[in-house]
Structure formats: structure tokens, C-alpha cells
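Per our numbering, residue 1233 is the first one in the sequence shown, and the count goes up by one each step. Working notes for the structure below.
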Amino acid sequence: MSYKELINNIKKEDLFCFNIIYGNETFLIDNAIKSVINKFVSKNLRELNFTKFEKIDDKENEFIETVATFPFMSDKKVIIVDDSDFLTSSGSINKSIEEKLIKLTKDNIDTTIVLFILKGKKPDNRKKLVKIIKENKAIYEIKKLDEGELTNYIVEGFKKNSVKITSSNASYIATNCGYLDYESTVDLYDVNNEIHKIASYTLDEGEVNREVIDALLIKSLDSNIFRLVDFICDGKKKEANKMLGNMLINGVAELFIMHMITRQVRMIYQYQILYKKGYSSSQVSDTMKIKPFIAKKLSSLSKNISMDKTEKILNTLLNIDRQIKTGLIDKTVGLEIICNSF
């Protein structure tokens, strides 16, 4: 079940007694928890009908008792277990406690809603309790937004801050803030901070422009590498050296920069080969196993450079990489050669 289905079930007051909420989008998980509390527990009775356990380790009996106790002057009470590690493949719980929990799910107590939270973890579908919760369609995976959803989220975020932004500029923020990068730890809390920062700066003008975004947005390393490769391919030596210098000042390791530049140039070359064969953008994404916005960036870079030049840059990168690893040249010198050779 998805985030949208969870929110819809909350609105319909259609939640099973035990629910598992897991995934990597912390902001949406926290938002879902707030929605459950606000829907089922009145503010003036919150101290009596809402309980939060960080974990239930060493508090199993207290937890069971809390679940089984009736709410005070209310139809429902809500219990949150913030770290439900015992539901994962690496976690465990006392066998007798597990049996008591399973009995409670079978009784389907309709006065208590329990939310087992797993941030950045997954429930183990082999466990009895997880199986029962799954059978009752009460496991919700909160995934990160895709590019389109994130773009719309950013547009709405600026609207809430009384600032306009075009879809194009919202998409630019979406693809450069790091949220969509592979294995990114950037979440919607970080995106919200960027929205608030940019909106505060442009409140008087009432609309966000690209210049302000470039000046204020904290760009991801992947995004900066793309720009660095773009400068190198375009022969913009001054810009390439400035960006390289900023990366080094910010503590990015020379060998990592070299690895990332080589990786991006390889991707450009692969994109050019597939494009020459007549592949569509979606076919390129599928073949290279990359996200559509990455394919879009590769398409933009590929248009400004010939395959011959891409091959020349790639060979130079591999040659310098060998020289660095064998100690023939210094790492920083090697990167400077790359920034000034094309």
C-alpha cells in the first residue's frame, strides 16, 4: 500500500488495529503519523489517548497492556512504536510477546490503532505478525517522490510561501537538489528548507528566477559533476577550474572527482552510441538503467559534443587516472590537466 492509500484510509477512518509504515521518505512518514493522531485523537485528550514508544524492547508487557486498555472518553486511541526493529529480518522479540501480539491482531480490537514505524528499513514478510498485518492490507511503503511528483511538490511549496515558480524552474530544482540522485539521503525536509530559503529571498519580487536558484540552491555532488563535465566538454576552462577548486575546498576527494567525471563521460559516450542506433529517450533510460531526468541531462550534454571528442576525453581521463595511480603525476595536477585540455 502507498502513501496516498494510507492518507485515503485515514480520511475514511479505515485502519487496521496494527499497521506497519516503512520507507525512506521521512517527511511523508512523519506527516502520515501526524494525520493519524489528528484524525483519531482529540487535542484535549491527547495525553490520555496517545502513547509513543521509542522501542518496545524491555517494555513488551507495558506495550501489550497499553494496546489492550480502552481509550478514555473516545472511540480510538493511537500508539506509535518509533523504531519497530523487531519486525525486520535482523530484529527479534520474545516469543510469548509475539504470540500475544498475534492474538490481539486476530481479535481485531477496534479501539486501538498501532503504528509500527520503520524508517529506512523493511519488514520481514516471513514473520508471523508481518504476514497477518499484510493479509489485512495494513503495510504501507512510503517511497520517495519521482521527478514529476517532486516538481509538483516544489510548485505547491512555493505557492504556500506566496511565491510563484514556473514548472521549468521547479523541475530544475528537483533535478539539481540531490533528492533524485542514486541512494540519496536528501529528503523532503531538505527540499522544504531549500524552498523556504529561496522563497524568503524572492518574496518581494513574487516569482523565482533561474539566477536566484543558481545563487542559493545547495546543489548535489552529482549535479555539480554534471556541470563540471559540461564545462570540460565545452572548453570552458575558467569555469571548470573554478568549480574544481570549490569541490576541493569543500573536501571532495580528488580520486572521487576523477571517478565521477570518468563515469559521467562514459555515460555520455554510451548515450551517444545508443542515440546513433536510433534509440528513443525512454529506451536509453531502460537500457542504461538510469532515471529519465539523468537521460535528459545526458541528451543535453551529448548535443554539444561530438562522439570523437567524447572518446578523446574518455581516453585522456583513463590515461591520467593510470598516471595518478602509478604515482607519475599528482592527483590535483591530473584534475587540472583535464580541466584545461579541451
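C-beta: ideal position from N, C-alpha, C; glycine also.
By alpha-carbon distance to Asn1263, the top candidate from Tyr1421, Ser1455 and Ser1328 is Tyr1421.
Counting C-beta pairs with one atom in each stretch, the stretch 1387 to 1395 and the stretch 1415 to 1435 have three or more that are closer than 8 Å, which means they touch.
Assignment of Gly1255 by DSSP, reduced to helix, strand and coil, places it in the strand class. Distance between Glu1331 and Ser1324, taken at the CA atoms: about 13 Å.
Contact between Phe1525 and Leu1412 is confirmed by a C-beta separation of about 6 Å, below the 8 Å threshold. In the pairwise beta carbon analysis, the stretch 1554 to 1561 is classified as not touching the stretch 1454 to 1469: fewer than three pairs are separated by under 8 Å. Under the DSSP assignment, Glu1381 falls outside any beta strand (DSSP E), being part of the alpha helix (DSSP H) whose first and last residues are Glu1379 to Lys1392. With a cut-off of 8 Å on Cβ pairs, the stretch 1466 to 1486 is not in contact with the stretch 1510 to 1528, counting fewer than three such pairs.
If you look at Lys1541, you'll find it in the alpha helix (DSSP H) that goes Met1539 to Lys1557. With contact defined as three or more Cβ pairs closer than 8 Å, the stretch 1392 to 1404 and the stretch 1349 to 1364 are not in contact. In this structure Val1516 is not in contact with Val1461, their Cβ atoms being roughly 17 Å apart against a cut-off of 8 Å.
Apart from the 5 residues on each side of it in sequence, Ile1374 sits with its Cβ closer than 6 Å to the Cβ of Tyr1235, Gly1255, Glu1257, Leu1260 and Ile1261 in its chain, given in chain order.
When the five nearest sequence neighbours on each side are left out, the beta carbons in the same chain lying within less than 6 Å of the beta carbon of Asn1572 are those of Lys1469, in order along the chain. For Phe1488, no beta strand (DSSP E) run applies; the uninterrupted alpha helix (DSSP H) run containing it begins and ends at Glu1486 to Lys1508, by DSSP. Between the C-alpha atoms of Ala1527 and Lys1474 there is a straight-line separation of about 26 Å.
Contact check for Lys1309 against Phe1285 fails: the beta carbons are separated by 8 Å or more.
The Cβ neighbour count for Leu1347, taken over all protein chains shown within 10 Å, is at least 16; the residue is labelled buried. In the three-state scheme derived from DSSP, where H, G and I count as helix and E and B as strand, Leu1350 is classed as strand. Listed in chain order, the non-local C-beta contacts of Leu1377 below 8 Å within the same chain comprise Glu1257, Tyr1385, Tyr1411 and Leu1420, local neighbours out to five positions each way being set aside. The stretch 1312 to 1362 contains, as complete alpha helix (DSSP H) runs of 4+ residues, the segments 1327 to 1339 (chain order).
Listed as beta-bridge partners of Thr1283 by DSSP are Ile1311. In the displayed model, Phe1463 falls within a helix according to three-state DSSP.
As DSSP reads the structure, Glu1373 sits in a beta bridge with Tyr1254. The Cβ-Cβ distance between Leu1319 and Ile1265 does not fall below 8 Å.
The straight-line gap separating the alpha-carbon atoms of Ile1489 and Ser1403 is approximately 25 Å. Counting along the chain, Lys1521 sits inside no alpha helix (DSSP H), nor does DSSP assign it H or E at all.
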